[in-house]
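Take a look at the structure set out below.
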Amino acid sequence: MANVTIDGVAYEVQDGRTILQALDDLGLLMNGVDVPHYCWHPKLSIDGSCRLCQVEVKGQPKLQIACNTVVANGMEITTANERVQKAREGVMELLLVNHPLDCPICDQAGECKLQDYAYEYGLTHARTKEPRRPLAKRAELGPTILLDQERCILCRRCVRFTREISKTSELCVASRGDRSTIETFPGAPLDNDYSMNVADICPVGALTTKDFRFKIRVWFLDEKPGVCTGCANGCNIHLGVANNQVYRYVPRRNDAVNDTWMCDEGRMSHKRIGAADRVREPMLRSAGGGLASAKLDAAIAAAAAKLRAATSGGAGVVAALGSAHATNEDLFVLRRFCEALGTETLGVAVPSGRADELLIKAEKAANAAGARALGFKDAQVVADRLRAGAVRALIVLGDDALAVLGGEAALAKLECVILLATHHSPLERAAHVVFPARVAAEKLGTLTNHAGRVQRVRPAVEPAFEAYAEGEILARLGQALGLPGFAPGQRYDARDVSKLLGEAVPAFAGCDVDAVGDEGRPLAGAGAR
Amino acid sequence: MALSAPYVTNYLTQHFADDAFGQVDGYVARGGYEAARKAITRMAPDEVANLVKDAGLQGRGGAGFVAGLKWTFMPKGADKPKYLVCNADESEPGSFKDRILMERGPHQLLEGILIAAWATGAEKTFLYIRGEYAFAAQQLERAIGEAYSRGYLGSRVMGTALSHDVVLVRGAGAYICGEETGLLESLEGKKGQPRKKPPFPAQYGAFGMPTTVNNVETFSHVPHIIRNGKEWFRSLGTEKSPGTTIFGVSGHVVRPGLYELPLGTKLDEIVFEHAGGVPDGKRVKGVIPGGMSMPILPAGQLDVPMANEFLRERKSMLGTGGIMVMDETTCMVRVGCVISYFFRDESCGQCTQCREGTGWMNKILNRIERGAGTREDLDVLLDVAGKLEGATICAFSDAAAWPVQGLLRHFREDFEAHVREQKCPFPASFEL
Chain B
1 MANVTIDGVA YEVQDGRTIL QALDDLGLLM NGVDVPHYCW HPKLSIDGSC RLCQVEVKGQ
61 PKLQIACNTV VANGMEITTA NERVQKAREG VMELLLVNHP LDCPICDQAG ECKLQDYAYE
121 YGLTHARTKE PRRPLAKRAE LGPTILLDQE RCILCRRCVR FTREISKTSE LCVASRGDRS
181 TIETFPGAPL DNDYSMNVAD ICPVGALTTK DFRFKIRVWF LDEKPGVCTG CANGCNIHLG
241 VANNQVYRYV PRRNDAVNDT WMCDEGRMSH KRIGAADRVR EPMLRSAGGG LASAKLDAAI
301 AAAAAKLRAA TSGGAGVVAA LGSAHATNED LFVLRRFCEA LGTETLGVAV PSGRADELLI
361 KAEKAANAAG ARALGFKDAQ VVADRLRAGA VRALIVLGDD ALAVLGGEAA LAKLECVILL
421 ATHHSPLERA AHVVFPARVA AEKLGTLTNH AGRVQRVRPA VEPAFEAYAE GEILARLGQA
481 LGLPGFAPGQ RYDARDVSKL LGEAVPAFAG CDVDAVGDEG RPLAGAGAR
Chain Y
1001 MALSAPYVTN YLTQHFADDA FGQVDGYVAR GGYEAARKAI TRMAPDEVAN LVKDAGLQGR
1061 GGAGFVAGLK WTFMPKGADK PKYLVCNADE SEPGSFKDRI LMERGPHQLL EGILIAAWAT
1121 GAEKTFLYIR GEYAFAAQQL ERAIGEAYSR GYLGSRVMGT ALSHDVVLVR GAGAYICGEE
1181 TGLLESLEGK KGQPRKKPPF PAQYGAFGMP TTVNNVETFS HVPHIIRNGK EWFRSLGTEK
1241 SPGTTIFGVS GHVVRPGLYE LPLGTKLDEI VFEHAGGVPD GKRVKGVIPG GMSMPILPAG
1301 QLDVPMANEF LRERKSMLGT GGIMVMDETT CMVRVGCVIS YFFRDESCGQ CTQCREGTGW
1361 MNKILNRIER GAGTREDLDV LLDVAGKLEG ATICAFSDAA AWPVQGLLRH FREDFEAHVR
1421 EQKCPFPASF EL
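In structure tokens:
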């Protein structure tokens, strides 16, 4: 460890770290100690080219760049004085020599580091009389990203990202001097599983995603912390919300989960929230055979009646298939519900797909590990019981389990199929009662990622239609059935369920929605991966 | 006949008129490779490095860092291969001395490299030569082949414990590839952009290995120092800047060319006596003393000894010793336009100040020359130049700033005349 003073305050920092890294480690960077920077990024190699992060190091005649100056014992660092301010002003003035003054029509306005630092450290007027360099305003780098070359300040974060993180190396700096531009190579567009991250790390309005570009002014967005539900990695995100609508996901830094990145597929999964195929109301199988919309109470009553009838001959005829998309709380309620019904056939369907070594996990659901920690077995146990003809009633959470259950034919003979689904699916054709379920962005709860980290989701938007957390639907159903543990008249509260889960299931001790915070916590006994 | 007798004050170039000197036989006949033999067989590596350090040989590539001292930065031990790089990218406008050293004295250079290899423990030298130097590259290639065939290169050099390879690499023509870490990047097949420091090349150089980079002329001095000793070397030149150097004189002079003279020779002596002064009876207006990146000196300040300790007093530097002479008809704003265009064009574009500042200065200067300048522009120019100084990864931005500062320091009247008259008061001699 090295003892340094930064602006007169003593800190103990790790040896071998640069000044910016040490400030980042201390959580002080731009959060108490302002050292503005463009090219430096905590998860990319050091570039040292933007020259904005200059600080004064006692004993050094020249200002030093904080990004590449390694701390040493006894080092005295000054991040703010007239000399430093002058240097920053100088860099800012030069960065603006060729930067267009098109903030009013720039999508980055409002979250632009050039804007921010120009206000903070820049001059109040431009001394340049020369025309700015004309370059491509709408260069298509690939299927997801557009580049405005005029706005680019050549920090090269995007270039380093494709070399060091996505390891695809599509981007380069072409030409040199003030003619430099970010380019792709001929015939090799920016097209990889993580391409959209370059828009996040672009400090200016040069790189924008086709998806979010011009959708809304960012200052209208409420950036709500959440978790991506695209796969078992559970990348931490901010949901950009306005008008009760999610406009985008952007990664939220969590060094234990996703650093500062997320995959494009996960990012685009925000479209699932407001998708046209959401289940928007409870539905009941009518006498004519079709599904007809119903009031919630009627649907609960109908489901309760069906379940009661199916189980009149005795317990053991109910099977339940949980969803790996549901929260730990929802699944815990399902488990309690099944225990009360005396059913032991509890499975979970986990959709699977492609994986990589960076973030993308093969399990394409956010809470498969949570389901397993709660005792849910592979969906095959449910399919086996169905095939054996031992099941009369089936409760299914989710919309992607038909194949694993054996198709429609396997469900055709059942007396009671109750479906709790966020999106429409062929499963509905076999269902007697369908309940509209909420997605993670619409409810409070926790999700357990592949490494056993329990992470919180909170309601970022309120569905514009009727939808309920699966736990709430099951709780009401339990109340209607008079099941033990489902006290009549009690209001469903996900926070209470979360606390109860922590008390009842040892693995979840200390992992309730409040305790995990925005950073998450490993399940008791989970490796610290 | 000895390669350099103690009384000779042009030891680098004394045999250059003799074609045989460029061939291995002719070189050996004139005492060539004896210094290398002496160093390798009779001196310890440290002893060689210390001798060169004590002789006070300053790097001749522009920065003037003491060569022997640079060698001692190389790590001891052999856990990693160590490399030398010979910087033959001579790209400073006004500088053309390394070219002649390679074309006429390739074995002198190779012998210097061999001695440095012994001193630093380097197993290989990358000789990085600018692409435009086709003839020099040809001569070197031939000389390297000769040296291998005679056992001066390869394994067990001259039957000694030293093994050394020299690889000739031709550059693709960028000024910045003469900056030592820009050169290393280019050598590795990457875009020529200087590396941030630390780490320095002695820790992390070519292909990540400990590396020392020296200029062609620097290496070429080394055999003479080994042969004649440090006292001899120090008897030439000034106390702080020993030895000779090759001044390249160009511009408005009667006899442009290369002149090997002791450091400390006065600039006016070089311009007026050796190079014959300004032709057509015109008067000299200004002289750039050390290659285009060095600040210009006005006619009244040419009585300066050509060595850094004296040039610094006049806010300039020796640089590469490329002397550019301009007569009284020269428009100094136009000079600024040409110089700033060069640096704008050659800036690698990594660092903000250099990328944006070189272009901005060039645009302002062009505007002043066109007759659309204001008095405020002159202050802005100086201010921008000040922002470039010492603020970036490499010294390129200093090189871009100093000439502008020098021109405004000594020829502000030219600039003010442009602003006042809103046109260039000089006859146009060439298009911008």
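From first to last, the protein sequence lines are chains B and Y.
At position 515 of the first sequence (counting the first as 1) the number is 515 in my numbering, and the numbers step up by one without a gap.
Every position in the second sequence, counted from 1, becomes a number in my numbering once 1000 is added.
Cβ coordinates follow ideal geometry from the N, Cα and C atoms, glycine included.
Notebook entry, point to check: Residue range of the beta strand (DSSP E) that B/Y492 falls in?
Noted result: Position 492 of the first sequence holds residue 492 of chain B. Where B/Y492 is concerned, there is no enclosing beta strand (DSSP E), given that its DSSP letter is neither H nor E.
Next item on the list: Going by DSSP, name the residue or residues bridged to Y/L1127.
Entry: On the second sequence, residue 1127 of chain Y is found 127 positions in, with the first residue counted as 1. According to DSSP, which records beta bridges pairwise, Y/L1127 is partnered with Y/C1086 and Y/L1168.
Notebook entry, point to check: In chain order, what residues of the same chain have a beta carbon less than 8 Å from the beta carbon of Y/A1206, not counting five sequence neighbours either side?
Noted result: Residue numbering aside, residue 1206 of chain Y sits at position 206 when the second sequence is read from its first letter. Cβ neighbours of Y/A1206 beyond the five flanking positions: Y1083, V1085, F1126, L1184, L1187 and E1188.
Check: Using a beta-carbon distance below 8 Å, is Y/K1196 in contact with chain B?
Finding: Start at 1 with the first residue of the second sequence, and residue 1196 of chain Y comes out as number 196. With 8 Å as the cut-off, Y/K1196 counts as an interface residue toward chain B.
Next item on the list: Sort out for me which residues DSSP pairs B/K377 with in a bridge.
Entry: Counting from one through the first sequence, the residue named residue 377 of chain B turns up at place 377. For B/K377, which the question treats as bridged, DSSP gives the partners B/G347.
Next item on the list: Using the Cα positions of Y/K1230 and Y/H1274, report the straight-line distance between them to the nearest angstrom.
Entry: Stepping through the second sequence from its first residue, residue 1230 of chain Y is reached at position 230. Stepping through the second sequence from its first residue, residue 1274 of chain Y is reached at position 274. Those two C-alpha atoms are separated by around 28 Å.
Checklist line | Cβ-based neighbour list, B/A524, same chain, cut-off 6 Å, excluding 5 preceding and 5 following | finding: One-based indexing of the first sequence puts residue 524 of chain B at position 524. Result list for B/A524: A507 and A509, in chain order.
Margin query: If you measure between the beta carbons of Y/R1030 and Y/H1015, is that distance less than 8 Å?
Written below: As a working mapping, residue 1030 of chain Y is identified with position 30 in the second sequence. As a working mapping, residue 1015 of chain Y is identified with position 15 in the second sequence. Cβ atoms of Y/R1030 and Y/H1015: closer than 8 Å.
Next item on the list: With distances taken Cα to Cα, identify the nearest neighbour of B/R160 among B/K43, B/L359 and B/S312.
Entry: Within the first sequence, residue 160 of chain B is the residue found at index 160, counting from 1. The candidate whose alpha carbon is nearest that of B/R160 is B/K43.
Item checked: Element boundaries [beta strand (DSSP E), containing B/S180] -> Translated into positions along the first sequence, residue 180 of chain B becomes position 180. That residue, B/S180, is in no beta strand (DSSP E); it is neither H nor E in DSSP.
Notebook entry, point to check: Quick one: does B/R132 have its CB under 8 Å from some CB of chain Y?
Noted result: Looking up residue 132 of chain B in the first sequence gives position 132. Output row for B/R132: interface = no.
Note to self: Contact between the stretch 48-56 of chain B and the stretch 69-88 of chain B is defined here as three or more beta-carbon pairs at a separation below 8 Å; is this criterion met?
What the structure shows: yes
Check: Among B/K443, B/F212 and B/V241, which has the Cα closest to the Cα of B/E329?
Finding: In the first sequence, counting from the first residue as 1, residue 329 of chain B sits at position 329. Comparing Cα positions, the closest option is B/K443.
Notebook entry, point to check: In terms of alpha-carbon separation, which member of Y/K1080, Y/G1061 and Y/R1409 lies closest to Y/T1120?
Noted result: Here residue 1120 of chain Y corresponds to residue number 120 of the second sequence, with the count starting at 1. The option with the nearest alpha carbon to Y/T1120 is Y/K1080.
Margin query: Looking at chain B, is there any beta carbon in it that lies within less than 8 Å of the beta carbon of Y/K1387?
Written below: As a working note, residue 1387 of chain Y is residue 387 in the second sequence. With 8 Å as the cut-off, Y/K1387 counts as an interface residue toward chain B.
Next item on the list: With distances taken Cα to Cα, identify the nearest neighbour of Y/M1158 among Y/R1355, Y/V1380, Y/L1297 and Y/V1028.
Entry: If you number the second sequence from 1, residue 1158 of chain Y lands on position 158. When each option's Cα is compared against that of Y/M1158, the closest is Y/V1028.
Checklist line | Y/R1150 - DSSP class collapsed to helix/strand/coil | finding: Residue 1150 of chain Y sits at position 150 when you count from the first residue of the second sequence. Y/R1150: coil per DSSP, three-state reduction.
Margin query: The alpha helix (DSSP H) that contains B/R453, what's its start and end?
Written below: Along the first sequence, one-based indexing puts residue 453 of chain B at 453. Here B/R453 belongs to no alpha helix (DSSP H); instead the beta strand (DSSP E) covers R453 to V457.
Check: Name the chain B residues that come within less than 8 Å of Y/E1103, Cβ to Cβ?
Finding: Along the second sequence, one-based indexing puts residue 1103 of chain Y at 103. Correct list: empty, because the minimum Cβ distance to chain B is about 29 Å.
Check: Is it true that the stretch 356-364 of chain B meets the stretch 402-412 of chain B, where meeting means three or more beta-carbon pairs spaced less than 8 Å apart?
Finding: no
Checklist line | Partner residues on chain B for Y/D1345, Cβ-Cβ distance less than 7 Å | finding: Within the second sequence, residue 1345 of chain Y is the residue found at index 345, counting from 1. Within 7 Å Cβ-Cβ: G177.
Check: Counting Cβ pairs closer than 8 Å, one from the stretch 360-367 of chain B and one from the stretch 473-487 of chain B, do we hit at least three?
Finding: no
Check: Are the C-beta atoms of B/C53 and some chain Y residue less than 8 Å apart?
Finding: The count along the first sequence starts at 1 and reaches residue 53 of chain B at position 53. No, B/C53 lies away from the interface with chain Y (no Cβ there is under 8 Å from its Cβ).
Item checked: Buried or exposed (CB count within 10 angstroms, at least 16 for buried), B/A276 -> One-based indexing of the first sequence puts residue 276 of chain B at position 276. By the 10 Å Cβ count, B/A276 comes out exposed.
Next item on the list: Round the Cβ separation of Y/K1387 and B/G90 to the nearest angstrom and send it over; I've been treating them as touching at under 8 Å.
Entry: Start at 1 with the first residue of the second sequence, and residue 1387 of chain Y comes out as number 387. Start at 1 with the first residue of the first sequence, and residue 90 of chain B comes out as number 90. Their Cβ separation, rounded to whole angstroms, is 4 Å, which keeps Y/K1387 and B/G90 in contact under 8 Å.
Checklist line | Test: Y/G1173 CB closer than 8 Å to a CB of chain B | finding: Taking the second sequence and counting its residues from 1, the one referred to as residue 1173 of chain Y is at position 173. Between Y/G1173 and chain B, the shortest Cβ-Cβ separation is not below 8 Å.
Checklist line | Reduced DSSP category for Y/H1224 - H, G, I as helix; E, B as strand; rest coil | finding: In the second sequence, residue 1224 of chain Y corresponds to position 224, counting from 1. Helix, per DSSP.
Item checked: Minimum length 3: unbroken beta strand (DSSP E) runs contained in the stretch 432-483 of chain B -> 433-436, 445-448 and 453-457
Note to self: Quick check on Y/G1290: does DSSP put it in helix, strand or coil?
What the structure shows: On the second sequence, position 290 is the one that residue 1290 of chain Y refers to. Correct three-state label for Y/G1290: coil.
Notebook entry, point to check: Grouping DSSP H, G and I as helix and E and B as strand, with all else coil, what is Y/M1209?
Noted result: Counting from one through the second sequence, the residue named residue 1209 of chain Y turns up at place 209. Coil.
Notebook entry, point to check: Can a CB atom of chain Y be found closer than 8 Å to the CB of B/N68?
Noted result: Numbered from its first residue, the first sequence carries residue 68 of chain B at position 68. Yes, its Cβ sits closer than 8 Å to a Cβ of chain Y.
Check: Which one of Y/Q1193, Y/G1243 and Y/P1075 has the shortest CA to CA distance from Y/N1228?
Finding: For this step, residue 1228 of chain Y is matched to residue 228 along the second sequence. The residue with the shortest Cα to Cα distance from Y/N1228 is Y/G1243.
Checklist line | Member of Y/H1221, Y/R1156 and Y/I1270 whose CA lies at the smallest distance from the CA of Y/V1249 | finding: Residue 1249 of chain Y sits at position 249 when you count from the first residue of the second sequence. If we check each option's Cα against that of Y/V1249, Y/I1270 comes out closest.
Note to self: On the criterion of 16 or more Cβ atoms from any shown chain inside 10 Å, does B/W219 qualify as buried, or is it exposed?
What the structure shows: On the first sequence, position 219 is the one that residue 219 of chain B refers to. B/W219 comes out exposed.
Note to self: The beta strand (DSSP E) that contains B/T18, what's its start and end?
What the structure shows: On the first sequence, position 18 is the one that residue 18 of chain B refers to. Careful: B/T18 lies outside any beta strand (DSSP E) and carries neither H nor E.
Note to self: Is it the case that the stretch 199-211 of chain B contacts the stretch 330-346 of chain B, given that we only count it when at least three CB pairs across the two stretches are under 8 Å?
What the structure shows: no
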